[in-house]
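Below: one structure, written as structure tokens.
In the working numbering, the protein residues as written are 106 to 234.
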């Protein structure tokens, strides 16, 4: 969600490479190493009560490219969410027809967009002071 809201950043990392993470300098040989580090960021942020999406957004710049975080399934879900929000339509005919796992993913997207929107509002309010 954060990439959709904030945009892609420059790709500066090419496998294999070394990068600084919160736990020190690590070597990243492939996308699996990046995913392992993202999981560490997610677990640490959850443990300390931080928003996981926000933590991944700000921490990933130190050790991976924004483009490494994009997957087509998530992008399709985000587009579907935005379309349904803007057109005030349901992604499925009714709640009973909507798969439970889709609702779970939908709620994550909604919560992240709400969090991003609230942060942007707070930033604008602080800028006006």
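Note that the Cβ used here is the ideal one computed from N, Cα and C, for glycine as well. Keep in mind it's a predicted model, so treat the numbers as computed, not measured.
Taking the CA atoms as reference points, residue 151 sits about 21 Å from residue 137.
Contiguous beta strand (DSSP E) elements confined to the stretch 110-140 occur at 122-126 and 129-133, taking only those with 3 or more residues. For residue 171, no alpha helix (DSSP H) encloses it, and the DSSP letter there is neither H nor E. A residue is called buried when at least 16 other Cβ atoms come within 10 angstroms of its Cβ; residue 164 meets this threshold and is buried. If you draw a straight line from the Cα of residue 190 to the Cα of residue 172, it comes to about 25 Å. In the same chain as residue 142, and ignoring 5 residues on each side of it, the C-beta atoms closer than 8 Å to its own belong to 126, 131, 133, 168 and 169, in chain order. Under the three-state reduction of DSSP, residue 202 is assigned to coil, being neither helix nor strand. Where residue 192 is concerned, the enclosing alpha helix (DSSP H) starts and stops at 177-192.
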